[in-house]
Each structure stands twice: as C-alpha cells, then as structure tokens.
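This report concerns only the one structure given below.
2 protein chains.
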Amino acid sequence: MNKLPSLKNLSYLLALHQHQNFNRAAQACYVSQSTLSSGIQNLEEQLGCQLIERDHKSFLFTSMGEEIVDLSRNILTQTEELMNHAQSQGNIMEGPLRLGCIPTIGPFLLGPLSRRLHDDFPKLQLQIREDTTAHLMQLLKNGELDALILALPIETQGNQSWVLGKDPFKMVLHPDLAKDVGEPVDYNKLPDQSIFLLEHEHCMTGHAVTACRLGNSRKINPFTASSLHSLVQMAEARTGATFVPQMAIDQGILSNTELVALTPTDGEAYREIGLLFRPTTSRRQTFRKIAETVADLLPISTLS
Amino acid sequence: MNKLPSLKNLSYLLALHQHQNFNRAAQACYVSQSTLSSGIQNLEEQLGCQLIERDHKSFLFTSMGEEIVDLSRNILTQTEELMNHAQSQGNIMEGPLRLGCIPTIGPFLLGPLSRRLHDDFPKLQLQIREDTTAHLMQLLKNGELDALILALPIETQGNQSWVLGKDPFKMVLHPDLAKDVGEPVDYNKLPDQSIFLLEHEHCMTGHAVTACRLGNSRKINPFTASSLHSLVQMAEARTGATFVPQMAIDQGILSNTELVALTPTDGEAYREIGLLFRPTTSRRQTFRKIAETVADLLPISTLS
DNA sequence: CACTTTTATTCGTTTAACCGATTACTGTGA
DNA sequence: TCACAGTAATCGGTTAAACGAATAAAAGTG
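Those protein sequence lines, which keep their order, are chains A and B.
Position one of the first sequence corresponds to residue 1 (the UniProt record's numbering), numbered consecutively onward.
Position one of the second sequence corresponds to residue 1 (the UniProt record's numbering), numbered consecutively onward.
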C-alpha cells in the first residue's frame, strides 16, 4: 500500500497555485514560508513527479501540477463538506451555506428568501455573493461557493442543476409609448432605438432577446444600463421601453414611476430560474430544501 | 481555519467499518491496534462528534459515523486516483484499471478486448472481475472497481453511464423445432415449456423477455441455467429453444452443436451494452478510450 | 554595488505518531 | 465458579516528522 499524501500539503499546493508566490501562500495558510516550501517538495517526492518547475527567482506549475491542483481542489472541497457535516451534527439545515446569485435576481429574491430561511432554519448561516454568471461559476468550481441561483439556460460545465420555476418577462414602457403598441406588444409600432437593454455581461439581455424573439432589431438602443434599476430609469427619462422580469415588478421596481408593464409577445416570454451545484457535493438534501423555498417564492414554480 | 483531518485516520475509519473489529482493521492497515484506536479517537475529537458508540466489549457505528464513512470513501477513492494519475505521469492509458463485467458479456468480450487493449496501450494493467450487476455496483461504489461493462437499461444509482452499442438477441433452437416456427420466430408454434432461460440473478433474462415481448408465457420452462454455455447445452439436450446474444454466437458458442439461430421477432430485439463509472471519477478520458475500443468490438456500435 | 524580493536550506525545538505492554472488561467453557 | 480467550482503551518511551527562525543563494532594481 502506497503512502497517502497529506491534505495539508495538498492545501499548500492549492494556496501556492492561487497566490503564485510562496510567501503569500504561506501567510494564507498561517505557516512559515519554509514549511510550505518543504511541504510542496514533500508532496512531489510522495507523488513521484514534478509539480512545479523552479527557477531561482520564480516558478511555474507543470501541466501535471495543474492537473493535480484540479484533483486536489475536489478532494479538499469534499473534505470541508465532511467537516461541516460533522460539525453541524448531521442537521442538514445548519452551519454556513455560501450562495451565489446574479444581479438580475438577487435584489428581488434574496430579501424574502433570507427572511424565510431564517424563520424556517434559524441555524442556517446564509452567505450571499452577487456576481455575474461566469464569475460565480468560477467560484463554484473553486469551492468558494456551495450553490448558485441563476437564470437558465446556461452551459452548466459539468455542474448539476435543478429548474426551480419560471419568471415571465414584461415589457415596460413609458406611458407615451404604451398607448400605441397594443398587448401583446407589437414591436413594429415602437420608434427606432427606443428599447433599452442591460450590458452584455448580464445574461438577462440574451435571455430576454431570445424569449421575446427580438433578434438584432433596429428598435434596440445602443446605450446599455448596468442594473435593472438604472434600466427602468432610462426607460422613464428617455421615453423608452425595456424588459423587466416579473419578480422585479412584484418587488416594486416600478413604484414611483409612471411606466406601464405589458405582455411582450403572444408566446411564452420567460426565463427559467435554476439552482446549480457541484455534482460531487454531499449536500443535495440541503439544496433540495433551499430549492423548495426558492421555488415557492417565484412567480411560477415548476420544481417537481 | 479549521484543522483538516488526516486521510490516514479516515482510512482507519473505513477499515474499521469494513472489518467491524479493531484488531483486524489494524492489521489490514499495517498498524498496531493502539494506533488505530487512537487514530479514530483523534478523528472524533477533530470532527467534534461521536462516530462510534463504544461498549466495553464491542462497538457500533453511529448514524453520523456511517455518513462520515460514506463521505470518506469518496475522498479516499479520489485521492487514490490522484496518486495513480501522478504515478502514471499523466499518461491516461497507463497503470491499473479495474474493470467489472457481467457473465453474459465477459466470456465473449473480454478476450478480444484485453488483446486489443494490450496491443494499443501496453502499459495499461487491466484487471477483470466477473460478477452480477448488483454485486459489481457495490464494488464500484466502494472504490474497489473503476468501471463496469453492463447490459442496459439498469438503475444507475447515481453513476454515470455511456451507451456503447447494441447486441441483438437471437433465438437458438433445436433443429427439430426450427423447421416449424418460421423467421421471425412465431412463439405460438413452439411446444409449451420449450424455452429455457437463465437464472433470475442474470439481468439478461429480464432483458431478453422484455425485448422479445415474451411476458409470462407458458412456453417458458421453469428450469433455469446458470450460464449461457449450460443454457445452450440444455436447449440441445432437451429439444428446446433459448435466447443467446449475438456476441456469444460470434464467439462460437454454437460451434459443435446442431442448434439453429433465428431472428426472434420482427421488431428490434436487442440489449444495449454500456460503460458505467462514478460521476466523481477523474479518469473520464481513460474510460472514453476504453469505451471506443469496446464499442468497436460490439455487433452494432452506437457510441457517439 | 547596495538593496529588495524571491525560493531553498539548515538546524534546533516541539509536536504527534507509533508500538509494545498493560489494563479493564466481557463472554465462554471446563 | 474460575480460568481463559478476545475485545478495546490506556500508558510510557522511542522515533519520526512538522515547524519556525535564521540564513543562503540567486536575480532584478535603482
């Protein structure tokens, strides 16, 4: 039987990969630089292969080193889940839960969600991170987040996902425009460049354009907004139109405005809301409870 | 930051779970009983929860202990994969590969397969285990096997599977029966109790009955065979009929018999052959190569 | 050429891993 | 009832490993 590498050394390797510097990595691990250095050498010896190419001034991870980092990340993430599981005494709704959410969902869901979770599971320590889909996926992979609430469809990159429900898109218009377009809205009756959208970083732009079959319409204004709130303000200030998800309207994003919300097409114009997590997770039961709670807060729940 | 448990202690816990006895577990780990005992205590202290209930004479795993065992098994399996990966220097077709296979596939596939694998990947050390589907699944879960070659469809129990190809069922008859039944075979023209099948442990029985729409026919003889070879002998000795997969016929199971192979129904009568592995594996690329090699040896390959 | 920044190495100390022996307890069979 | 085998926990001493402080070695910087 071969000797097992120590998790400590694997975590040293991970820290080194993250910081690309022995000193900073050692600090992050609360050990001395010499400890980390020898830990890595130790690991290389145990595994019988070179993980980093050393230069007296600097170093570089070998391709094998990168692969070992990826494998180690999984192992350490699962070990942390094991420790959390043990420390919460098997109560699945206890301890920290690090949840990621995109900015076109977060402000309209997380308030009610955290209230409900706090009522139902008071020992659950919810930690929220709001960021773009791409960045959240990275954090999920690195084990810095446990699960994500996203708008689907997206490329899941090997993660597992549950569809929680539907969130219809509404077309929100300045009252001067609303009287001409009918319902469902006939886009042709809108002036050119009157539709405002979010920046491309937000996946909602793509979802809305697809769901409402808008294509590369000349109706779209080249200026983009960086949040739903500013999007609404642009539509009001510049006599324009835009798409806003139902959940944002339900949370009062249109109060104190004169904007009108109409159905955009006669078809099904909506985005799906899903929960995403690593397939290796040991917390499926916890996520199931979260999924049920979220689905219950959505305009249309489709969780089976 | 919390202190990480040592993999060694986790493996002690696993050994104890397997042997249900401190002495034998310690022997299996090549350490003394006191070492294993204190290792487990150490682990309990680190995790902050009781894993086994001790009685002066014996002990029992707590439910938390069982859960930790399951999580640890995953972690250790992945660590072993990491070590193997490192030791084979990143060459994915190198080192040991422990493959499980059911008895209605193994004798007709593994010969050509191991020959091909040995030619194409001489450093791959193929280890074969032949057993029932249920038992193989258990070994896969425990990390004692890396992948399984099975007949589908089955309940994958959280494992990932690839469909490799189709293996048609042929009806094999004694020549005295063959002249009356036509082709595709009309089962009604067979005498009662003239069809022999395998024992129920073999999933092929169910697959054949389903694929050939045989139901609970009176044509089926209540005696069962324990292997395809004895099944063929029964059909010949007792003037009967049975189902044999194409791959077995291709490998000459009917040579030295007078039996006749006919098409059983006008529909599609076949079983699918699939490769099954843990979703947490790090050896997908290796399995892909194996899958391609196996698919190439099947009567009909459907691997995409 | 001094000075900073970087990783590797050395060395003495502390920690913990480990084994063998022993203890404490239980059930069994004479 | 008592000796005995079998079990897990505990104790003491030895050995190995982990660790940090200090230093070395190399290289870029001003």
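We put the beta carbon where it would ideally sit given N, CA and C, even for glycine.
Distance between residue j and residue i (C-alpha atoms, nearest Å)
i, j, result
"Gly240/B", "Phe196/B", "7 Å"
"Ser230/B", "Ile220/B", "16 Å"
"Gln259/A", "Gln251/A", "Per the sequence presented here, residue 259/A reads as Leu, with Gln not at that position. Roughly 15 Å separates the two Cα atoms."
"residue 306/B", "Tyr12/B", "Look at the range of chain B in this structure, 1 to 304, and you will see that residue 306/B is not part of it."
"Asp120/A", "Gln41/B", "35 Å"
"Leu43/A", "Pro5/A", "7 Å"
"Glu80/B", "Asn9/B", "15 Å"
"Gln89/A", "Gly65/B", "11 Å"
"Glu155/A", "Gln127/B", "36 Å"
"Ser226/A", "Arg284/B", "40 Å"
"Pro122/B", "Glu94/B", "8 Å"
"Leu136/A", "Gln20/A", "22 Å"
"Asp131/A", "Gly143/A", "16 Å"
"Glu201/B", "Pro103/B", "11 Å"
"Cys49/B", "Thr35/A", "30 Å"
"His17/A", "Cys203/A", "30 Å"
"Glu292/A", "Leu60/B", "35 Å"
"Asp186/B", "His174/B", "15 Å"
"Thr133/B", "Glu268/B", "24 Å"
"Val209/B", "Thr224/B", "14 Å"
"residue 317/B", "Ser217/A", "Only positions 1 to 304 of chain B appear in the structure, and residue 317/B is not among them; the question remains open."
"Ala28/A", "Asn91/B", "33 Å"
"Leu198/B", "Pro222/B", "10 Å"
Nearest-angstrom Cβ-Cβ length linking residue i and residue j, presumed shorter than 8 Å
i, j, result
"Leu14/A", "Val69/A", "6 Å"
"Leu145/B", "Arg98/B", "5 Å"
"Leu150/A", "Leu228/A", "About 16 Å; that fails the 8 Å criterion."
"Arg271/B", "His207/B", "4 Å"
"Val172/B", "Thr242/B", "5 Å"
"Pro107/A", "Asp167/A", "Not really, about 13 Å apart at Cβ, beyond 8 Å."
"Met83/B", "Leu47/A", "6 Å"
"Leu117/B", "Leu109/B", "Not quite, the Cβ-Cβ distance comes to about 11 Å (not below 8 Å), so this is no contact."
"Met247/B", "Pro299/B", "6 Å"
"Lys170/B", "Ile249/B", "6 Å"
"residue 305/A", "Gly100/A", "This structure leaves residue 305/A out entirely; chain A is present only between 1 and 304."
Neighbourhood of residue i by C-beta, 6 Å cutoff - its chain only, sequence neighbours within 5 removed
i, result
"Ala295/B", "Leu164, Gly165, Ser301 and Leu303"
"Thr257/B", "Glu236"
"Thr263/A", "Glu183 and Pro184"
"Gly39/B", "Asn9 and Tyr12"
One or two residues paired with residue i in a DSSP bridge
i, result
"Gln125/A", "Pro96/A"
"Thr224/B", "Leu197/B"
"Gln233/A", "Answer is none; Gln233/A lacks a bridge partner."
"Tyr270/B", "Pro168/B"
"Cys101/B", "Glu130/B and Ile149/B"
"Ser161/A", "Leu276/A"
"Phe108/B", "None, per the DSSP bridge assignment."
"residue 334/B", "The requested residue 334/B does not occur in the structure, where chain B is confined to residues 1 to 304."
"Ser301/B", "Gly165/B"
"Arg54/A", "Phe59/A"
"Ala261/B", "Val172/B"
Sequence-distant residues of its chain with Cβ nearer than 8 Å to residue i (five each side left out)
i, result
"Thr280/B", "Asn74, Thr77 and Gln78"
"Asn23/B", "Gln33"
"Val232/A", "Val172, Thr242, Val244, Ile253, Leu254, Thr257 and Leu259"
"Gln157/A", "Met137 and Lys141"
"Asp176/B", "Thr239"
Close Cβ partners of residue i (< 7 Å) along its chain, the five nearest in sequence each way excluded
i, result
"Thr265/B", "Pro184, Cys212 and Arg213"
"Ser72/B", "Leu10, Leu13 and Leu14"
"Gln87/B", "Gly95"
"Leu113/A", "Thr293, Val294 and Leu297"
"Thr62/A", "Gln50, Leu51, Ile52 and Glu53"
"Ala37/A", "The amino acid at residue 37/A is misidentified as Ala; the sequence shows Ser. Excluding residues within five positions, the ones whose Cβ falls inside 7 Å are Phe22."
*asked:* Output needed in chain order: residues of the segment 89–101 of chain B with a Cβ under 7 Å from some Cβ in chain A.
replied: Going along the segment 89–101 of chain B in chain order, one finds Gln89 and Gly90 with a Cβ nearer than 7 Å to chain A.
*Proximal residues, the segment 219–249 of chain B versus chain A, C-beta separation under 7 Å*: For chain A, none of the residues of the segment 219–249 of chain B brings a beta carbon within less than 7 Å of one of its beta carbons.
_Using a Cβ-Cβ cutoff of 7 Å, what residues of the segment 252–277 of chain B are near chain A? List them in chain order._
Taking 7 Å as the Cβ-Cβ cut-off against chain A, none of the residues of the segment 252–277 of chain B qualify.
*Between the segment 38–49 of chain B and chain A, which residues of the former have a C-beta closer than 7 Å to a C-beta of the latter?*
Here the close residues are Leu47, Gly48 and Cys49.
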